[in-house]
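Take 2 as the starting number for the sequence shown in my numbering and just add one per residue.
Below is one structure, written out as structure tokens, with a few remarks after it.
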Amino acid sequence: VRGKRYPEVKNKKELISSIRKTFSFLKQTTQGLHDFGTAVGMASGVEPSGDLPIKNWLQGRWEKGAKKTTGETLVKRFLERHYGCFGCPIRCGKIVKLRIGDEERLMHGPEYESNAALGALCLNDNLEKISLANELCNRYGLDTISTGSVIAFVMEAFEKGIISNLDTEGLELKWGNTGAMIELIHKIAKREGIGDILADGTKKASEKIGKNSIEFAVHVKGLELPMHDPRAFVSMALTYATGNRGACHNESLAYTFEEGPPVEGVPYNHSLSPHDSQGKPELIVRLQNYMASLNALGLCKFLFCGKIGPPRIAEWTNLVTGWSLTDEELLKIGERLFNLKRMYNYKLGITRKDDFLPPRLLTWDRKEGGAKGNLPHLGKMLNEYYQLRGWSEEGVPIKEKLKELGLEKVK
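If you want it as structure tokens, here you go:
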């Protein structure tokens with residue numbers, strides 16, 4: 002959409018003043034994100050906690066690999082310059098310089114999700130190859146999480162003998178084989194050979210390959226999981242299971258909230274263990290509503306990292322529009338959006354049966370790492386979550402809830 006006119010801002014001076022004060026604090030609290038990008042702390046925090054998915058969600062530790070691929074290593078070895086979205090005080094993006102053959106090339110450095118999906122998930126500790134794989138995905142228009150996930154899936158199928166060199170046209174899809182990974186990305190993008198099967202994602206690939214491969218096909222509602230393990234943060238189990246688009250960390254960012262300082266307008270007992278289901282349903286409902294309101298406003302969710310909650314967002318919205326929204330009214334708008342999406346999904350046949358996690362994450366308790374032995378109690382959390390949402394036992398918004406939200410015409 003193009004145009005020459007600017008939207009009217011009712012209280013521009015007050016808005017700029019409030020934003021400047023907030024941005025000053027935001028820069029302080031997100032210095033690590035600026036310095037090293039979203040993969041900051043992969044070796045010092047993410048991997049030891051058990052949050053980093055390793056070897057298609059099988060393995061509990063990957064200490065040496067995490068040190069080789071963390072954001073700090075990326076910056077030290079390859080950084081050309083920092084970059085950010087327009088007007089952003091954080092500037093978490095990284096432009097890196099890599100030598101490809103005889104040529105030096107500038108490209109976007111991998112974000113945490115891309116780094117982990119194309120790295121740890123496939124046991125690939127070669128940061129140059131992770132960066133190249135990330136660049137290829139960007140050039141081809143492939144989602145890096147889904148690409149890394151489907152590669153990890155097919156590597157496990159290869160390891161188990163479910164597929165062979167005959168199926169892969171000679172590609173040795175062994176864990177950490179970076180050459181095979183790069184070639185496979187080309188095949189997926191061009192739908193060539195086995196790439197044609199993998200191009201539609203893990204769910205459909207497992208259905209086509211068969212032979213019990215569904216047991217290690219890691220997805221929710223057909224969408225591959227982000228790189229945060231729900232056995233380390235059980236709040237993410239509920240987030241993934243109930244996400245309207247499938248498994249999506251951005252539907253709550255609960256792991257960031259639990260690790261970070263308290264956020265205004267989001268009450269929670271931070272002394273609770275991330276391994277414990279206590280308090281998680283209430284937290285996820287509120288965070289999902291908040292994230293939905295941020296989506297509607299087009300705001301970056303890294304505001305979260307600066308402890309910026311619903312009261313401040315409501316204030317900014319009012320300064321722009323002249324409205325008088327309270328923070329609870331803002332969250333109610335988010336709740337309406339979340340329930341509207343749920344009703345669309347219900348029309349497409351989505352119910353409780355689809356609010357699931359893949360078997361591996363409910364039954365495979367890892368023997369090492371920060372989340373050793375922990376499994377999320379999803380069924381218990383779902384029951385409480387549905388009650389808080391005003392949904393039936395099958396996960397459908399009840400008539401009274403739809404009327405409360407002004408959605409009574411949506412049936």
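In this text, a Cβ means the ideal position worked out from N, Cα and C, and glycines have one as well.
Exercise for the section: Might you give, ordered along the chain, the residues of its own chain that have their beta carbon closer than 7 Å to the beta carbon of V97, omitting 5 neighbours on each side? Expected result: Taking the sequence shown and counting its residues from 1, the one referred to as residue 97 is at position 96. So the qualifying residues of the chain are L75, F79, L80, E81, M108, G110, S132.
Problem - For T169, the nearest candidate out of V155, G177, K161 (CA to CA) - result: To locate residue 169, count along the sequence shown from 1; it is residue 168. Selected option, being the one with the closest Cα: V155.
Exercise for the section: Provide the residue(s) that pair with V97 in DSSP beta bridges, ordered along the chain. Expected result: As a working mapping, residue 97 is identified with position 96 in the sequence shown. Beta-bridge pairing links V97 to L80, M108.
Practice task
Check W392 in the structure and name its three-state DSSP category.
Solution key: On the sequence shown, position 391 is the one that residue 392 refers to. If DSSP states are grouped into helix, strand and coil, W392 belongs with the strands.
Exercise for the section: Drop a sphere of 10 angstroms on the beta-carbon of C86, count the other beta-carbons inside from all chains shown, and report buried for 16 or more, exposed for fewer. Expected result: Numbered from its first residue, the sequence shown carries residue 86 at position 85. Result: exposed.
Problem - Proximity test, G266 beta-carbon vs the ligand SAH heavy atom, cut-off 7 Å - result: As far as ligands go, the structure on display features none, and thus does not contain the ligand SAH.
Practice task
Verify the CB distance criterion: does G46 have a CB-CB separation below 8 Å to chain D?
Solution key: No chain D appears in the structure shown, which is made up of a single protein chain.
Exercise for the section: Pull up the distance between the alpha-carbon of L167 and that of E104, whole angstroms please. Expected result: For the purposes of this step, residue 167 is identified with residue 166 of the sequence shown, where counting begins at 1. For the purposes of this step, residue 104 is identified with residue 103 of the sequence shown, where counting begins at 1. For L167 and E104, the distance between alpha carbons rounds to 34 Å.
Practice task
Could you tell me whether the Cβ atoms of E64 and E48 are closer together than 8 Å?
Solution key: For the purposes of this step, residue 64 is taken as residue 63 along the sequence shown, with counting starting at 1. For the purposes of this step, residue 48 is taken as residue 47 along the sequence shown, with counting starting at 1. In this structure, E48 lies closer than 8 Å to E64 by Cβ.
Handout entry: the region 346–357 touching the region 196–215, judged by at least three CB pairs closer than 8 Å
Key = no
Handout entry: Those residues which DSSP pairs with H220 across a bridge
Key = As a first step, residue 220 must be located in the sequence shown, where it is residue number 219. E225, per the DSSP bridge assignment.
Practice task
Can you give me the start and stop residues for the alpha helix (DSSP H) that Q289 sits inside?
Solution key: Sequence index remark: in the sequence shown, residue 289 carries index 288 (1-based). Q289 -> alpha helix (DSSP H) spans 281–298.
Practice task
Pull up the distance between the alpha-carbon of C301 and that of I314, whole angstroms please.
Solution key: As a working note, residue 301 is residue 300 in the sequence shown. As a working note, residue 314 is residue 313 in the sequence shown. Cα to Cα, the separation comes out at about 11 Å.
Problem - Integer Cβ distance of Y256 from H229, believed to fall under 8 Å - result: Numbered from 1 along the sequence shown, position 255 holds the residue referred to as residue 256. Numbered from 1 along the sequence shown, position 228 holds the residue referred to as residue 229. Rounded, the Cβ-Cβ distance is 5 Å, consistent with contact.
Problem - Distance between beta carbons of G66 and E369, contact taken as under 8 Å - result: Here residue 369 refers to the residue found at position 368 of the sequence shown. Here residue 66 refers to the residue found at position 65 of the sequence shown. About 14 Å; that fails the 8 Å criterion.
Problem - Residues near P263 in its chain [Cβ-Cβ closer than 8 Å; skip 5 each side] - result: Mapped onto the sequence shown, residue 263 falls at position 262. Only Y269, H271, K308 meet the Cβ criterion.
Problem - Cα-Cα separation, A238 to G4 - result: Numbered from its first residue, the sequence shown carries residue 238 at position 237. Numbered from its first residue, the sequence shown carries residue 4 at position 3. Cα to Cα, A238 sits roughly 43 Å from G4.
Problem - Simplified DSSP state of P312, which is helix, strand or coil - result: Residue numbering aside, residue 312 sits at position 311 when the sequence shown is read from its first letter. Helix at P312.
Practice task
Take N290 as the anchor and find which of G310, G142, S274, D197 has the nearest alpha-carbon.
Solution key: What you label residue 290 is simply residue 289 of the sequence shown in a count that begins at 1. The shortest Cα separation from N290 among G310, G142, S274, D197 belongs to G310.
Exercise for the section: With distances taken Cα to Cα, identify the nearest neighbour of Y113 among S25, F258, F37. Expected result: Here residue 113 corresponds to residue number 112 of the sequence shown, with the count starting at 1. That would be F37, whose Cα lies nearest to the Cα of Y113.
Practice task
Hey, could you find the ends of the alpha helix (DSSP H) H187 is sitting in?
Solution key: Here residue 187 corresponds to residue number 186 of the sequence shown, with the count starting at 1. That run of the alpha helix (DSSP H) goes 179–191.
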